[in-house]
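Numbering (the numbering used here), first residue to last: 3 to 402. What follows is a short report on a single structure.
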């Protein structure tokens with residue numbers, strides 16, 4: 003009601019920031035009040051408990067923001083129209099830094115372009131090696147960190163131009179915080195690269211699979227959620243069902259303990275989109291076929307080998323592009339979603355669409371799978387046995 007009073011109108015626009023952080027405490031539960039305010043069926047007769055009078059809020063537009071949808075109360079979420087805003091690309095972050103972040107920080111630190119200059123390559127290096135986010139908040143902090151050092155030098159009587167390049171970044175903002183993965187530099191057995199969506203943008207997942215002598219147990223580590231564990235079980239069942247195609251002996255599964263690990267164990271991981279990545283890592287390890295290091299993949303797997311569509315497509319493609327992976331395997335049913343992505347985002351990337359897991363194996367494994375199992379022996383009939391006995395007789399007796 004204070005906002006209505008300040009706006010001076012009965013149809014203002016209210017911005018409720020970080021609504022996913024709303025929670026109950028000793029002062030009460032704000033979610034109950036939000037339910038009454040945001041529900042179009044009852045907000046026309048909203049009653050303020052302090053004033054004790056009803057007020058019509060049906061003409062008010064409410065815009066809420068949140069980093070995550072899951073923490074929002076389900077009843078409150080049902081009363082909202084959800085609009086997902088994807089993270090920025092590297093090109094977009096560079097443009098935002100040039101137009102807004104750098105001029106604003108120059109003004110805050112009391113210096114000008116005569117004292118501070120940074121190249122585009124240096125800004126891109128900050129984006130990739132010093133920040134890991136969907137937005138630009140940490141990018142602005144790193145730029146401010148560099149400008150503070152320049153401002154101090156100017157205050158000390160060194161008003162010369164300080165030009166920041168990728169080589170001089172360590173001098174101004176320290177060593178890189180995020181380095182590219184080194185595992186992707188060579189093909190390995192039992193290591194497949196997956197793509198994941200997080201609240202800070204897309205990420206690459208290096209899924210490892212290894213086997214050891216045992217009794218056929220499956221171990222999953224890496225702080226995995228229930229859905230991801232079930233995907234691993236489905237991937238193992240599919241690989242076991244296709245053992246003949248992969249050239250894996252059936253007794254291998256009963257005499258081998260399998261361990262699947264997803265690094266960065268302190269970070270919780272969940273979701274079904276790593277199914278084909280786990281299946282590829284398992285098939286690679288059990289069939290002893292290396293996985294291509296220049297391929298990343300994402301997709302949900304079924305027991306029949308079908309690949310189901312996934313979400314967060316833009317963020318996942320950005321993650322692959324950030325670590326210079328040129329080939330991405332996506333579900334065929336996500337092909338229509340590429341039309342919504344900017345064309346420059348797909349430049350330099352080959353998209354491989356797959357409907358079945360065997361298509362994934364053909365694109366990801368270093369050599370095609372081959373059948374190594376022997377065909378079943380043909381049953382011998384009485385007639386064939388008789389022909390063999392006749393053929394074994396001497397020629398004279400055979401003519402009789």
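Glycine included, every Cβ here is placed at the ideal spot set by N, Cα and C.
Rounded C-alpha distance that separates residue 221 from residue 262
Numbered from 1 along the chain shown, position 219 holds the residue referred to as residue 221. Numbered from 1 along the chain shown, position 260 holds the residue referred to as residue 262. Distance from the CA atom of residue 221 to the CA atom of residue 262, rounded to whole angstroms, is 6 Å.
Contact set for residue 22: own chain, Cβ-Cβ below 7 Å, skip 5 residues either direction
Locating residue 22 in the chain shown gives position 20, where the first residue counts as 1. Cβ within range, chain order: 68, 69, 70, 73, 74.
Cβ-Cβ distance between residue 260 and residue 296 below 9 Å:
Residue mapping note: residue 260 aligns to position 258 of the chain shown, counting from 1. Residue mapping note: residue 296 aligns to position 294 of the chain shown, counting from 1. No, they are not a contact pair.
Through-space distance from residue 245 to residue 284, alpha-carbon basis
Locating residue 284 in the chain shown gives position 282, where the first residue counts as 1. Locating residue 245 in the chain shown gives position 243, where the first residue counts as 1. Cα-Cα distance, rounded: 11 Å.
Reduced DSSP secondary structure (H/G/I, E/B, other) of residue 230:
The residue given as residue 230 occupies position 228 in the chain shown. Looking at residue 230 - three-state DSSP - the assignment turns out to be helix.
Quick check on residue 316: buried or exposed, where buried means 16 or more other Cβ atoms within 10 Å of its Cβ?
Position 314 of the chain shown, counted from the start, is the residue given in the question as residue 316. Buried, by the Cβ-count rule.
For residue 207, report the span of its beta strand (DSSP E) as first-last.
If you number the chain shown from 1, residue 207 lands on position 205. DSSP places residue 207 inside the beta strand (DSSP E), whose first and last residues are 203 to 215.
Mapping the DSSP letters down to three states, classify residue 399 as helix, strand or coil.
Here residue 399 refers to the residue found at position 397 of the chain shown. The pLDDT assigned to residue 399 is 43, lower than 50, so where the model puts this residue is not dependable, and the model offers no usable value.
C-beta contact flag for residue 331 and residue 362 at 9 Å
For the purposes of this step, residue 331 is taken as the residue at position 329 of the chain shown. For the purposes of this step, residue 362 is taken as the residue at position 360 of the chain shown. Going by C-beta atoms, residue 331 is nearer than 9 Å to residue 362.
Tell me the DSSP secondary structure of residue 352 in three-state form.
Sequence index remark: in the chain shown, residue 352 carries index 350 (1-based). Here residue 352 carries a strand assignment [DSSP, helix/strand/coil].
Secondary structure at residue 333, three-state DSSP: helix, strand or coil?
Numbered from its first residue, the chain shown carries residue 333 at position 331. Look at residue 333 here: in three-state DSSP terms it is strand.
Just to confirm, is the Cβ distance from residue 89 to residue 137 under 9 Å?
Locating residue 89 in the chain shown gives position 87, where the first residue counts as 1. Locating residue 137 in the chain shown gives position 135, where the first residue counts as 1. Cβ atoms of residue 89 and residue 137: closer than 9 Å.
Buried or exposed: residue 115, going by 16 or more other Cβ atoms within 10 Å of its Cβ?
Within the chain shown, residue 115 is the residue found at index 113, counting from 1. Taking all protein chains shown into account, residue 115 has fewer than 16 neighbouring C-beta atoms within 10 Å of its C-beta and is therefore exposed.
Taking only beta-carbon positions, decide if residue 328 is within less than 9 Å of chain B.
The structure shown has no chain B; it contains just one protein chain.
By Cβ distance, which residues of its chain are closer than 6 Å to residue 82, with the 5 residues on each side in sequence left out?
As a first step, residue 82 is located in the chain shown; it is residue number 80 there, counting from the start. Excluding positions up to five away in sequence, the list is empty.
Distance check for residue 192 and residue 286, CA to CA, integer angstroms please.
Reading the chain shown from its first residue, position 284 is the one you call residue 286. Reading the chain shown from its first residue, position 190 is the one you call residue 192. If you take the alpha carbons of residue 286 and residue 192, they lie about 5 Å apart.
For residue 333, tell me which candidate among 322, 342, 303 has the shortest Cα-Cα distance.
Residue 333 sits at position 331 when you count from the first residue of the chain shown. Answer by Cα proximity: 303.
Buried or exposed: where does residue 279 fall if 16 or more other Cβ atoms within 10 Å of its Cβ makes it buried?
On the chain shown, position 277 is the one that residue 279 refers to. Around the beta carbon of residue 279, 16 or more other beta carbons lie within 10 angstroms, which makes this residue buried.
Looking at the strands, I want to know which residues DSSP matches up with residue 2.
Shown here, the chain extends from 3 to 402; a query on residue 2 therefore has no answer.
DSSP has residue 63 in a bridge; who is on the other side?
Indexing the chain shown from 1 puts residue 63 at position 61. Answer by DSSP bridge pairing, in chain order: 15.
I'd like the list of long-range same chain contacts for residue 168, defined as Cβ closer than 6 Å, with 5 residues on each side in sequence excluded.
The residue labelled residue 168 in the question sits at position 166 within the chain shown. By the criterion of a C-beta distance shorter than 6 Å, residue 168 is surrounded in its chain by 123, 124, 127, once the five residues flanking it on both sides are discounted.
Find out if the Cβ-Cβ distance for the pair residue 132, residue 179 is shorter than 9 Å.
Stepping through the chain shown from its first residue, residue 132 is reached at position 130. Stepping through the chain shown from its first residue, residue 179 is reached at position 177. Between residue 132 and residue 179, the C-beta spacing is below 9 Å.
Runs of alpha helix (DSSP H) wholly within the stretch 135 to 159 (minimum 4 residues, chain order):
Correct list: 139 to 157.
When the Cβ atoms of the stretch 227 to 237 are set against those of the stretch 247 to 256, are three or more pairs found closer than 8 Å?
Per the Cβ contact rule, the stretch 227 to 237 is not in contact with the stretch 247 to 256 (fewer than 3 Cβ pairs under 8 Å).
DSSP state of residue 338, grouped into three classes?
Taking the first residue of the chain shown as 1, we reach residue 338 at position 336. Reduced to three states, the DSSP call for residue 338 is helix.
With DSSP collapsed to three states, give me the class of residue 271.
Here residue 271 corresponds to residue number 269 of the chain shown, with the count starting at 1. Reduced to three states, the DSSP call for residue 271 is strand.
Any 3 or more C-beta pairs closer than 8 Å across the stretch 144 to 164 and the stretch 102 to 115
A contact is defined here as three or more CB-CB pairs under 8 Å, and the stretch 144 to 164 meets this definition with respect to the stretch 102 to 115.
Opposing strand residues paired with residue 310 [DSSP bridges]:
As a working mapping, residue 310 is identified with position 308 in the chain shown. Partner(s): 302.
From the DSSP output, read off the bridge partner residues of residue 118.
Here residue 118 refers to the residue found at position 116 of the chain shown. Note: residue 118 sits in a beta bridge opposite 164.
Backbone CA spacing between residue 4 and residue 78 [nearest angstrom]:
One-based indexing of the chain shown puts residue 4 at position 2. One-based indexing of the chain shown puts residue 78 at position 76. Taking the straight line from one Cα to the other gives about 23 Å.
Please go through the same chain and pick out, in chain order, the residues whose beta-carbon is closer than 6 Å to the beta-carbon of residue 101, but skip the five residues on each side of it.
As a first step, residue 101 is located in the chain shown; it is residue number 99 there, counting from the start. There are no such residues.
In the structure shown, what three-state DSSP assignment does residue 181 receive?
Within the chain shown, numbered from 1, the residue matching residue 181 stands at position 179. Here DSSP, grouped into helix, strand and coil, assigns residue 181 to coil.
Run of the beta strand (DSSP E) containing residue 2, from where it starts to where it stops
A question about residue 2 goes unanswered here, because the residues of the chain that appear run from 3 up to 402.
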